[in-house]
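Below you'll find the structure, written out as structure tokens, and then a few comments.
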Amino acid sequence: MSEYKMSQINVSKIKKAVEAEIPILITTYTLPHDMELYIREVITFYLKELHQEHMIEYIVYCVNELVTNAKKANTKRVYFQEKGLDLFNEEEYNEGMKKFKEDTLGNITHYLKLQKDAGLYIKLILHKKGNTIRIEIRNNSPLTVFEYKRMHDKIARSHEFGSVEEAFVHFIDETEGAGLGLIIMTLMLKKVGLSEESFQIASEGEETITRIELPLNKESEAQLNVASEEIAKSIDALPFFPENIASIHA
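Taking the working numbering, the leading residue of the sequence shown gets 21, the next gets one more, and so forth.
Next up, the structure:
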């Protein structure tokens with residue numbers, strides 16, 4: 021795989037999208053390392069354009085956690101199909117999860133190909149509208165009821181910890197890793213002054229959607245240019261990432 025270069029980011033389109041309050045869409049099917057780096061740079065530049073530099077590291081971590089979870093959900097779907105197990109039957113779900121990690125990590129190329137062939141995607145949407153930045157991660161593997169409950173249990177558990185460091189120590193002491201990423205993500209959002217209401221998980225049709233809503237402070241909002249119809253019309257079709265990225269990861 022070719023070395024990642026920051027020049028792959030279309031700076032002009034990001035600026036226009038911010039000014040015109042038009043959403044940016046990035047779609048991937050296998051989330052390779054190059055795409056993770058690309059997403060990081062887009063988020064970094066996007067938040068800098070909105071004068072929200074203080075949020076960059078936190079939001080990059082949160083988005084990385086969420087897109088990785090979406091990729092895992094898609095892998096889980098094709099794995100269960102291959103094994104002839106019903107993802108929505110809790111007993112079969114628990115049975116399938118016993119060897120899910122071992123089997124998929126040992127043959128990840130195979131399962132990523134199955135995901136791509138099945139059209140299972142991960143979409144990241146960045147949209148500044150008014151005084152809010154909405155970040156959405158969508159994938160077309162719907163959540164099961166018990167997965168949804170477990171995710172909310174982990175979010176509720178984050179109340180037990182006063183800091184990210186405390187959560188790390190707790191999980192290391194318990195030699196337990198399940199759900200740590202989601203707990204840390206919730207604590208990260210609290211560090212930038214967000215409440216639980218700013219993070220939402222939902223299933224809509226065949227899609228699972230995780231959404232973060234970030235309020236812009238007044239000083240930042242005052243520095244932004246007012247959107248115009250001319251700018252909106254000048255932005256051509258999304259998806260937004262460059263041709264060479266699309267050809268590598270389509």
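Backbone N, C-alpha and C define an ideal beta-carbon position, used for all residues, glycine too.
6 Å CB neighbourhood of residue i in its chain, flanking five on each side removed
i, result
"Ala90", "Ile142, Ile157, Asn159"
Length of the line joining the Cα atoms of residue i and residue j
i, j, result
"Ile34", "Leu105", "43 Å"
"His130", "Leu202", "27 Å"
"Phe188", "Glu180", "12 Å"
"Val98", "Ile128", "11 Å"
"Ile59", "Leu67", "12 Å"
"Leu200", "Lys174", "8 Å"
"Glu227", "Asp123", "25 Å"
Residue i classed as buried or exposed, judged by whether at least 16 other C-beta atoms fall within 10 angstroms
i, result
"Gln135", "buried"
"Val87", "buried"
"Lys277", "There is no way to answer for residue 277, as the model of the chain reaches only from 21 to 270."
"Ser183", "exposed"
"Gly116", "buried"
"Glu167", "buried"
"Ser32", "exposed"
"Lys133", "exposed"
Beta-carbon contacts of residue i that lie in its chain and below 7 Å, excluding the five residues immediately before and after
i, result
"Thr164", "Leu107, Phe108, Tyr113"
"Cys82", "Met205, Met208, Leu209, Ile232"
"Val246", "With a pLDDT of 36 at Val246, under the threshold of 50, the modelled position of that residue is not reliable, and the figure given next carries that caveat. The answer is none, since no qualifying residue turns up."
One or two residues paired with residue i in a DSSP bridge
i, result
"Glu156", "Ile145, Arg231"
"Ile44", "Leu146"
Close-in-space but distant-in-sequence residues of the same chain around residue i (CB under 8 Å, 5 per side omitted)
i, result
"His74", "Val212"
Test item: CB-CB of residue i and residue j under 8 Å
i, j, result
"Lys149", "Glu41", "yes"
"Ser9", "Glu233", "Any question about residue 9 goes unanswered here, given that the chain covers just 21 to 270."
"Thr62", "Ile79", "This sequence places Val at residue 62; Thr is not what is there. Going by C-beta atoms, Val62 is not nearer than 8 Å to Ile79."
"Leu146", "Ile44", "yes"
Closer than 7 Å: residue i CB and nearest the ligand NAD heavy atom
i, result
"Met205", "Looking at this structure, you won't find the ligand NAD or any other ligand, since it has none at all."
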